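K.L.:
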Amino acid sequence: MLLRKTSILMTALFCACHLQADPFGVTCTSEIQTDFKNNYNFANLLKLSANIPVKKRFAFELGTISIVKTRQEGLLDVLQVPSNIEEENLPFALCVMDFNWRINEHNSLFMGIRNMNEDYFNSEVTSFFTNSSCGIYPTLSCNYTIANFPFASVGIHYAHERENFTIQASLYNGRGYNRFTGRENIFRFCPKGDGLFALTQGEYRWRGSHYFIGGAFHYGTMGEERKRFRSTLWLYLEQQVTDHFSLIGGYSHAFRKESPCKEFVGVGGKYSWKRTEIGIFSDYAKFNDAEECANEVTCKIQIREFLYLQPALHLLLQKGKQNVMGLIRLGIEL
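Heads up: the sequence shown begins at 8 in the working numbering, then just goes up one per residue.
1. Would a C-beta distance cut-off of 7 Å place A100 and N155 closer than the cut-off?
2. Among the residues of its own chain, which have a CB less than 7 Å from the CB of A297, if the five just before and after it don't count?
3. Taking all protein chains shown into account, do 16 or more other C-beta atoms lie within 10 angstroms of the C-beta of V161, making it buried, or fewer, making it exposed?
4. By Cβ distance below 8 Å, which residues in the same chain neighbour I110 in space, the five residues on each side in sequence not counted?
5. Could you give the residue range of the beta strand (DSSP E) that holds G142?
6. Given R212, which residues of its chain have a CB within under 6 Å of its CB, disregarding the five upstream and five downstream residues?
7. Keeping to the same chain, check which residues put their C-beta closer than 6 Å to that of Q342; ignore five residues upstream and five downstream.
8. Three-state secondary structure (DSSP) at E125?
9. Given 8 Å as the limit, is there contact between the stretch 252-260 and the stretch 226-242, that is, 3 or more CB pairs closer than that?
10. Under three-state DSSP, which class holds P60?
11. Can you say whether H164 is buried or exposed, counting buried as having 16 or more other CB atoms within 10 angstroms of its CB?
12. Apply the 10 Å Cβ neighbour rule to C197 and answer buried if 16 or more other Cβ atoms are within range, or exposed otherwise.
13. Evaluate S140 with the Cβ neighbour count: other Cβ atoms within 10 Å of its Cβ, from every protein chain shown; 16 or more gives buried, anything less gives exposed.
14. Beta-carbon within less than 8 Å of D349's beta-carbon, same chain only, minus the 5 sequence neighbours each way: which residues are those?
15. Return helix, strand or coil for T71, following the three-state DSSP convention.
16. Should M332 and P145 be called a contact, given that it needs their Cβ atoms to be closer than 7 Å?
17. Here's the rule I'm using: 16 or more other beta-carbon atoms within 10 Å means buried, otherwise exposed. How should Y47 be labelled?
18. With DSSP as the reference, identify every bridge partner of P318, one or two as the case may be.
19. Measuring from the CB of T152, is there a heavy atom of the ligand FAD at a distance below 6 Å?
20. Going by DSSP, which residues form a beta bridge with V272?
21. Within 10 Å of its beta-carbon, does I61 have 16 or more other beta-carbons around it, so buried, or fewer, so exposed?
22. Have a look at F106, I120, Q208, I193 and flag the residue whose alpha-carbon is nearest the alpha-carbon of I174.
23. What is the DSSP secondary structure of P30, counted as helix, strand or coil?
24. Does DSSP classify S37 as helix, strand or coil?
25. Which word fits R237, buried or exposed, when buried means at least 16 other C-beta atoms lie within 10 angstroms of its C-beta?
26. Indicate whether G227 and G202 have their beta-carbon atoms separated by less than 7 Å.
27. Buried or exposed: L26, going by 16 or more other Cβ atoms within 10 Å of its Cβ?
28. Between the Cα of R169 and those of H113, V272, L69, spot the shortest distance and give me the residue it belongs to.
29. Excluding five sequence neighbours on each side, which residues of the same chain lie with their C-beta closer than 6 Å to the C-beta of F262?
30. Locate the alpha helix (DSSP H) running through L82, then write down its first and last residues.
31. Do P157 and E94 have their C-beta atoms within less than 7 Å of each other?
32. Please specify which runs of the alpha helix (DSSP H), each continuous and at least 4 residues long, are wholly inside the stretch 142-215, giving them in chain order.
33. Quick check: what's the CA-CA separation for N58 versus S279?
34. Between F204 and G181, how many whole angstroms is the CB-CB distance? I'm expecting something under 8 Å.
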C-alpha cells in the first residue's frame with residue numbers, strides 16, 4: 008500500500024512537471040533517512056500551488072500537499088522531529104485556498120483557508136535547515152494544534168510592507184485541520200468549540216540582515232475542559248556578516264506554566280560559496296518533563312536551477328540519551 012502511494016505521488020509529480028507554467032508552482036521534496044542502526048525511512052512531500060489573477064488587485068490562491076512515507080513510526084524517540092517534511096501519510100489536503108486583495112502598494116489582505124507557514128518562520132536562513140524546530144519553534148508547534156503544517160484553517164491575514172520593514176497579523180480558527188468532511192474538516196470555523204488563534208510579527212531589514220519579533224495568542228481548550236488564554240513570544244535575527252556568511256539566533260517563550268514546551272533558544276550560521284551552502288544549527292528546548300538539545304550540520308548543493316541535493320546529520324541529546332539521524336534530501340522546485 009505504501010509503495011502504491013509513493014508511486015502515485017511520483018506520477019503526480021511527473022505530470023505536474025510537464026504541465027507546470029506560470030502562475031502554477033510545483034515543489035517536491037524526497038529524502039532517505041537512517042538512524043545508522045539498519046532502520047530507514049523514505050519520506051516525500053509534494054506541494055502544488057497556483058496564483059490566478061481575478062482582477063487588477065485580486066487573485067485566487069490555491070495550494071495542496073501530499074505526504075507519503077514508508078515507515079509509520081519515526082526513526083527516533085525524540086521531541087523535536089529532525090525532518091520538517093515528515094508527517095503521517097496524507098494523500099491530498101489543502102494548505103491554501105484564499106483570495107488575495109492587493110489593497111495598494113503597501114497593504115495586502117488574504118481571506119480564506121491558509122497555513123501559517125506561508126507567512127511566518129520562512130526567511131532565507133531559517134528555512135535552509137531541515138530541523139522542524141527551525142521552521143516553527145516548538146513553543147508554538149508543540150503547544151497548539153493550529154494551522155501549522157500539515158494542517159490549515161479558515162482565517163484572515165494582513166501584511167503591510169515597506170522598503171525596510173514588514174508588519175503582519177493573522178487571525179485563525181483555534182484548531183487546524185486537513186480533512187474535507189466530518190467535524191474536523193478544513194472549512195470549519197467554530198470559535199466557541201475550537202477557540203481563536205492570533206499572531207503578529209514585525210520584520211526589519213538592513214543591509215542584508217533581517218530582524219524579527221512576534222507574538223501569538225490562543226484562547227480555547229487544548230486537552231482541557233476549561234478555556235484558557237495562552238501567549239507566546241518569539242524573536243530571531245539573521246545577521247549578514249559578509250556577502251557569503253550569515254549568523255542566526257532565535258529565542259521563544261511560552262508564558263503559561265502548563266505549556267508542553269516552555270522555552271526555546273537556538274544559534275547557528277550559514278556559509279554560501281558558488282552553488283553550495285553549508286550550515287550548522289544548535290538549539291535547546293525545555294519541555295514539561297524533559298530538556299532536549301538538537302544539533303544539525305547540513306550542506307545544500309544546487310545541481311540545477313530547479314534541482315538541489317541536501318545531506319544532513321542530526322544529533323539530539325536528552326539526559327542520559329542521545330539519538331543520531333542522517334538524511335539525504337532531493338528537492339525539485341518549479
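Cβ coordinates follow ideal geometry from the N, Cα and C atoms, glycine included.
This structure is a prediction, so every number in the text was calculated from the model and none was measured.
P.N.:
Here's the rundown:
1. no
2. L86, Q325
3. buried
4. R64, L116
5. That residue, G142, is in no beta strand (DSSP E); its alpha helix (DSSP H) goes 139-142.
6. N171
7. Nothing about residue 342 can be reported from this structure: the residues present for the chain run from 8 to 341 only.
8. helix
9. yes
10. strand
11. buried
12. exposed
13. buried
14. Since the first and last residues shown for the chain are 8 and 341, residue 349 lies out of range.
15. strand
16. no
17. exposed
18. I335
19. The ligand FAD is absent from the structure shown, which contains no ligands of any kind.
20. Y258, Y291
21. Sequence check: residue 61 is Val here, not Ile. Burial call: exposed.
22. Q208
23. coil
24. strand
25. buried
26. yes
27. Below a pLDDT of 50, predicted positions are generally treated as unreliable, and L26, at 43, falls in that range; no measurement from the model is reported.
28. H113
29. S238
30. Counting along the chain, L82 falls outside any alpha helix (DSSP H), and DSSP gives it neither H nor E.
31. yes
32. 145-148, 198-201
33. 31 Å
34. 5 Å
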